[in-house]
Structure formats: C-alpha cells, structure tokens
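Read through the structure below, which is laid out as structure tokens, and then see the notes.
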DNA sequence: AATGAATGAGGCTTCATTCAT
DNA sequence: GATGAATGAAGCCTCATTCAT
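Dropping the structure here:
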C-alpha cells in the first residue's frame, strides 16, 4: 500500500521528511552558487525548493541552522572517501598522500564556489575542517614513522597544506580542463613539502 | 589660560579631515575584529568612531566604499616593505624569499583576524591580492633563472604558496609567542616548495 | 454563535488581497488629500491602512508603484463613462460635448484636490491624461466634420480645454452647492470655444 | 575708497547683500529647471551659487522661504508689463486682451518648466496667482461694460481662462518655433470665450 | 504537515539645519 | 559676513520569523 519504494514524484505537495530536507538543502546550495550568500534569503530558498516559507521553518530552526546543516553535510561528503583509503597498507604513504590530494582537488574544482561561500564567506567552518585536519595529520605522522616523509613540525605543516591546495584550485579558470594539471602540480608540491621522493624521479 | 598650542584633545567636535577618516577606519577595523562583518553597520561604526551617522557619509560614499578603503590601506601596508627588498642584489634569492615570508607572517599574525574578514569574508579582495601575487611570482622567476630554485609551474606554485602561509598563522593560538616558530617553519616549507637548499643545511 | 457567514469585520488581521489593496490605496488617497504629497510616507500609509509597513510592500513594489496604481485607477474611473457616450449617434455633437463636460466637472468637483495632487504635483500623469486627450480630440473632429463645430486648430484647442475646465472647479468653495453653476458655465464656455451654437439660443 | 560703483567682480568672496540674494535665487531657478524640485537641495543651491551652505541661511530662513521668495519674484515679473497696458484707453478691449495673452504665452513658453515646477509641483502658488486673476477680471469687466465682450459669469470665466492658456503652451514641443502659432491660436480662443469679434473677421 | 500573509526591527542613505571658527 | 563639518531625524526598503488557517 505504501508507495515508498516507487520513484518519488518530483514535486508532490506531501513528501517524506528527508526528501523535503534534501530539497531545501539543495536549494540553498544552488542559490549560494548562483547568487552568493548576500542574496540568500529564506524566501528564495523556499521558492527554489518548491515549498512555502513557513515549511522551511518546519525543518530548520533558523537560517543559521540551515547553513550549518549544509556545511556539515558537505564536509561529510568530502571526508568520506579519503578516510577509507588512509589505512590501506598495500600502497605507500606518498601514494596515499597523492590520493588525498587528488580527491580534494577534484572536489574543490567541482564545488569550489560553494565551498568558498560556505567556509570562507560564511562563518563557523572551523569545526568541520577539523576532520580533514586529523586525516592529514595521521597521514603525515604515518609517513614520517615509516621513514617515507621528513616532516619537522607536523601541526604546522598540516595547516600549511590544508590552505595551500585551495589556491591553485580557485585560480583555475576552467575546472574541467585544468584538473589534470592542477592535480599533478599540487601532488608534486605536497611531496616536496613532506620531503617525499618526487613522483617523477 | 588658553590651551591653544597644546595638542588637540582626542575627541573634539571638529577634527582635521585625515583624523576623522582614521577614526572611522579604525572603528571599522575594530568592529570587524570584534563582531564580524555581519554585524558591521554604519550605525555602529559611527558610534564607535564617536561621530554621527551622517558624518560617516561625509568621508565615504557608501558602506562598500568604507570597506574598500580599509582593504586598500591594509594591502598597501602589506606590500610596502617586501617590495623594497625584492631587488636587493646583495642577498640570495632564498634569503629574499625568507624575508618575504617573515614579513607576511608577521603581518598576518598581528592582523590575521582582520585580514581574514577583509579578504575572505568580504568580497573584492581579488585586486589588491594581485600585488602580492606579482611580487611572489617575480621572486620565483628570479630565483629560478639564477639557478637557486627549481620551480616547475610558477603560476600554480604562487597560488599554492599564497594560500599556504595563512594556515599556520591562523592556527597559532598566541600570536606573540608563536611568531618565531611559525616564521621559521613556514620559511622552511617555502624553501622546500621552491626547491631551494634548506636553511639548516 | 459563529459569525462565520456574516460579512467580515473591517479590520481583521487577514484580509483578501483585493481588500488589502483597497485599504492601502484608500489610505494613500486620504493622506494625499489631507497632508499633500510631501507628507506622504510609507509609514503613514501603513498606519492609516491599519497594516505594518512591510505589508505595503507585499502589494506594491515601491512607493512610486503605489502612486502609479492610484493614478491609473482614478483615470480609469474618469474615462469610463464619457467614452461610452462618445459614439452615441442619437444625440448631437454639442450635447455629447456637454455630457463630457458634465462628467468631468462632476468628477473634478468631487475629487479635485486628489486629482490635483495626483496629476499636477506628482509626475507621471502624462500617459493617463492622454486618454482624455484622445477622447476630446475625437469629439472635436467629429463635431467639425458634422458641421456643428468650427475648430481651427484641434490640437491646440484640445490642450486649451483640457486645462481650462479645471480652473472653475478648483475655485469653487463648496463643491456640492456649486456643481450646477460650474457645470452649466463651463458647458457654455466649451461651446463658445468650439464655435457651437449656444445652448440657450 | 569704496569700489561700489565699479562693475562687481562676478564671484568675489564678499558681495553686497542683494547680489548674494540674486545669485542664490538664480541658482534655485536654474536647478529647478535642470533637475526638478525633487533634486533641489540646499547643498546644490549653495554649490551652484558659489557660496557655502551656511550662507544660504544668512539670506533665507529656510528652504521653504527660499522657494517662496522665488515664487513671489517670478509673479512680479509676470504681472509687470500687462498691468501697465491694461488701462490704455487708446486701444480696444479685445486688443488689450490680445496683448495680455501674448505676454502670458510668451512668458510661459520661455519659462514654462520653471513655472510649472514653481506653481504646480510646489505648493503655495495660490496667493501670487491672485494678481493675475485680478488683472484679467478687470479686463473682462471693462470689456463687458464697454459692450465689446459678452461674459455671463466673469468669475468663472476668469478661472477658466487662467488655466486654459497653459495647456497649449506646455504641449508645444519647441517653444521658439511655436510661439507665433500658440499665441494667435490662444488669442482667438480667448476672444471666443469672452464673446468678442474674432480677430480675423 | 503545509501555507503564505503579516509583522516590525533594523539596514543604508539623504539632507535641512546649526554653530564654532 | 562667510564657512562647511557635523548632526540626527526621517525616508525607503528588506527579510527573518511567526501564526491563523
């Protein structure tokens, strides 16, 4: 009797709660990308999501809660894959670092505008960033203990790298075309920073 | 009885134009640091500067003009010293790079919150940032031609470094105490990135 | 006990859209009459209409849109009846002119202050006035072709008459008492201007 | 020692009071013509007059006083010449009416924008208009007593004519080119209204 | 659960007027 | 007499949030 496993109709008046949540969060992301955070209003979010203004407040307590929810979700997505690769013993530490870089560059190039808005223009990005920091820190420590890296001050180096890779990503004009060049370039620089053998040696 | 040749009292009703300008810009900087850019209103700027709201508009055409003026001033300060050192032939390229890093780290540590707000949260930072970019690019090219650096992709490397040094600065808890450590740490990483001999070799 | 099928109380919190629109437009008209257009502020309009300031903007995009809406409505009312009489072949051209005058004088006497403010003090009255101009022009041409009028320069005469009838209307002290006198007086003068036989011949 | 009978330097820092007054009133008139009354600010008046804002308040108590002064002056100019011609017994009443019309049309065509702004957009025009009203009323009465005019209701007719002649003036596109046509046209219509023999008979 | 009309605090900006110099 | 920096009330408009339906 329940139609729950049929493909959901795209814009029905009644939707399961998680579908509504997703519609609204997607609308926020779209609008941030298209018009920036100054133009982000609940009214426009509601329009874009195809719901009434009041409905937004059924799912999120306030505008800030809405933004925070999106930030959390985006960071989850960003950490998911690299975390799983970190402890794979079949590849060297430098290769794991390369993988992390590749993943981050890829994500950043695809979503840089959104990330920029979410974590630079809007506040509160410190906490989710912690996840990425831990990941990279464990990688540097592991590589150092294994003798593959030479890292003097891991904490400082993590902070350095965490900011560094964003630069070339944002400066790229055409994300599609530049990914290969940016990825390999940043990988090489990361290797230099951690004192690993260059990939092309 | 007449105090006419004493330095003017700090908060007289009439002030020379440049003093007023400074009062207002200082108020903006203070408020940005204390409450962030969302809470920056002309009303609060005026209160903090000790003038009426209308007075702000005697010195700046709009809120945006006010912010832009502060951005410009801050960047001027940031580029002043490094630019003068760039072309000094008596020191090696790596030392020049060290000097640039020292200067930037110093400035960033002292004003990092303000800079973050001004150039990341607020828009329009692209242009003044260009000055720093040019400076670093010339340095990388010079060092490479002189055979001191090995830089594969100067453009990408510049973007990388331009973002990188900010990380350790922002992460430092106590700016005063950490400057020495952050400076030398970042200098070492910059040297690695450009392929220069390590400072401690 | 339930009053649900009685006509809604006049000042409920929720009103059908057209009722709200009317409340607001009425408030504008009242205020223009009472205090002139310099004193017309959105704040006062809202107070008078019994709504919040923001509510005004739910129905009109801007202050100018509010004024334009009132202008349009008033002109519609003013052109409605005369237009229908213009092409009635059962009456002579002079009688049609008389009817037009009677209608305009009537409207002007009843709303003269409002019209004055709307179309003289406030700008933008040129377009709606065009409707009245066309009407009168067609009448003059028709009467001339029929040999009832002698009009040398129809364009100029239309402009002349369009302004002329307003004078006696505005000068009347008591609109109620003077309508008969003003109407017949202006009718006679219009006839003279178009070279028609006097009504009392 | 006094340079008072030398031609005044155009923009000296010190000026005789009446010269300053004139500079300021001229500035008001210019600005009303160029930018309309919404854009009329004391600041711009002062700039245009070449004086400081405070100086305007040495000559006029308030912005309203400034406008009223200009209104009074303009009407004085408009009544000056016709008044002198009114009682000339060597010409017929219809000719005197023609003269009045010629004068008014001329003035209106040359200054219509200013007059429109001064007496229609801005309030308070009722009183100065009284002078023109008296003039025309005496003319109608004189002509009627002399048997040249047939005017049923002089008061009403005056109000009618006083508004009427403005219409063709404002509608004229090019004041220079149209004056002849507007003047003779309005003269003919005025004659019709007062029941005088047509000028071309 | 969903709506959207209504609210009202608060933002930016303008400008008539004052007053110390 | 002249100045113009300073004031602050007031205007227009936006938008996060509420609540009766």
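Chains as they are written, first to last, in the working numbering: chain A, 195 to 395; chain B, 195 to 395; chain C, 195 to 395; chain D, 195 to 395. We treat Cβ as the ideally placed atom computed from N, Cα and C, and that holds for glycine.
Cutoff 6 Å; reference residue i; Cβ partners in own chain excluding five residues on either side
i: residue 195 of chain B; result: With a pLDDT of 42 at residue 195 of chain B, under the threshold of 50, the predicted position of this residue should be treated as unreliable, though the coordinate-derived value follows. Taken in chain order, the list of residues that qualify is empty.
i: residue 391 of chain C; result: none
i: residue 292 of chain D; result: 381
i: residue 373 of chain C; result: 303
i: residue 211 of chain D; result: none
i: residue 310 of chain C; result: none
i: residue 369 of chain D; result: 303
Whole-Å CB distance - residue i paired with residue j, under 8 Å assumed
i: residue 280 of chain B; j: residue 326 of chain B; result: At roughly 12 Å, the Cβ-Cβ gap does not stay under 8 Å, so residue 280 of chain B and residue 326 of chain B are not in contact.
i: residue 294 of chain B; j: residue 333 of chain B; result: 7 Å
i: residue 361 of chain D; j: residue 353 of chain C; result: 4 Å
i: residue 285 of chain A; j: residue 363 of chain A; result: Not quite, the Cβ-Cβ distance comes to about 24 Å (not below 8 Å), so this is no contact.
Buried versus exposed, by CB contacts within 10 Å (16 or more), residue i
i: residue 371 of chain C; result: exposed
i: residue 379 of chain C; result: buried
i: residue 271 of chain A; result: exposed
i: residue 252 of chain B; result: exposed
i: residue 217 of chain B; result: buried
i: residue 385 of chain D; result: buried
i: residue 367 of chain C; result: exposed
i: residue 254 of chain A; result: buried
i: residue 202 of chain A; result: Here the model assigns residue 202 of chain A a pLDDT of 41, short of 50, so the residue's position is not dependable, and the following value carries that caveat. Exposed, because fewer than 16 other Cβ atoms sit within 10 Å of the Cβ of residue 202 of chain A.
i: residue 259 of chain D; result: exposed
Sequence-distant residues of the same chain with beta carbon closer than 7 Å to residue i, five excluded per side
i: residue 336 of chain A; result: 287
i: residue 242 of chain A; result: 221, 224 and 225
i: residue 342 of chain A; result: 286, 287, 288 and 390
i: residue 257 of chain C; result: 236
i: residue 340 of chain C; result: 287
i: residue 306 of chain B; result: 363 and 364
i: residue 238 of chain A; result: 225
i: residue 375 of chain B; result: none
Own chain partners of residue i with C-beta closer than 8 Å, once the 5 adjacent residues on each side are dropped
i: residue 308 of chain C; result: 223, 226, 227 and 268
i: residue 316 of chain A; result: 231, 261 and 265
i: residue 351 of chain C; result: 334, 345, 387 and 388
i: residue 296 of chain C; result: 377 and 381
i: residue 331 of chain D; result: 348, 349 and 352
i: residue 282 of chain A; result: 290
i: residue 233 of chain C; result: 225
Sub-8 Å separation of residue i and residue j beta-carbons
i: residue 135 of chain B; j: residue 276 of chain B; result: Missing from the structure shown is residue 135 of chain B; chain B here goes from 195 to 395 and no further.
i: residue 245 of chain A; j: residue 290 of chain A; result: no
i: residue 357 of chain C; j: residue 358 of chain D; result: yes
i: residue 249 of chain B; j: residue 240 of chain B; result: yes
i: residue 312 of chain D; j: residue 263 of chain D; result: no
Subject >> Residues, ordered as in the chain, of the segment 347-365 of chain C that lie near chain D by beta-carbon distance below 9 Å >> reply: Within the segment 347-365 of chain C, the residues whose Cβ lies closer than 9 Å to some Cβ of chain D are 347, 349, 350, 351, 352, 353, 354, 355, 356, 357, 358, 359, 360, 361, 362, 363, 364 and 365, listed in chain order.
Subject >> Residues, ordered as in the chain, of the segment 291-315 of chain D that lie near chain C by beta-carbon distance below 8 Å >> reply: In summary, the residues of the segment 291-315 of chain D whose CB is separated from some CB of chain C by less than 8 Å are 314 and 315, in the order they occur in the chain.
Original post:
Any residues in the segment 367-387 of chain A with a beta carbon nearer than 8 Å to a beta carbon of chain B? Which ones, in chain order?
Top reply: Under the 8 Å Cβ criterion, the segment 367-387 of chain A contributes 375, 376, 379, 380, 382, 383, 386 and 387.
**OP:** Could you please tell me which residues of the segment 226-256 of chain C, in chain order, have their CB closer than 7 Å to any CB of chain D?
**Re:** Closer than 7 Å at the C-beta level to chain D, one finds these residues of the segment 226-256 of chain C: 230.
Original post:
the segment 322-342 of chain B: which residues have C-beta closer than 8 Å to a C-beta of chain A, in chain order?
Top reply: Identification of residues in the segment 322-342 of chain B having a C-beta nearer than 8 Å to some C-beta of chain A yields an empty set.
Original post:
When you check each C-beta in the segment 268-289 of chain A against every C-beta of chain B, which residues fall closer than 7 Å?
Top reply: So the list is empty, because no residue satisfies the distance condition.
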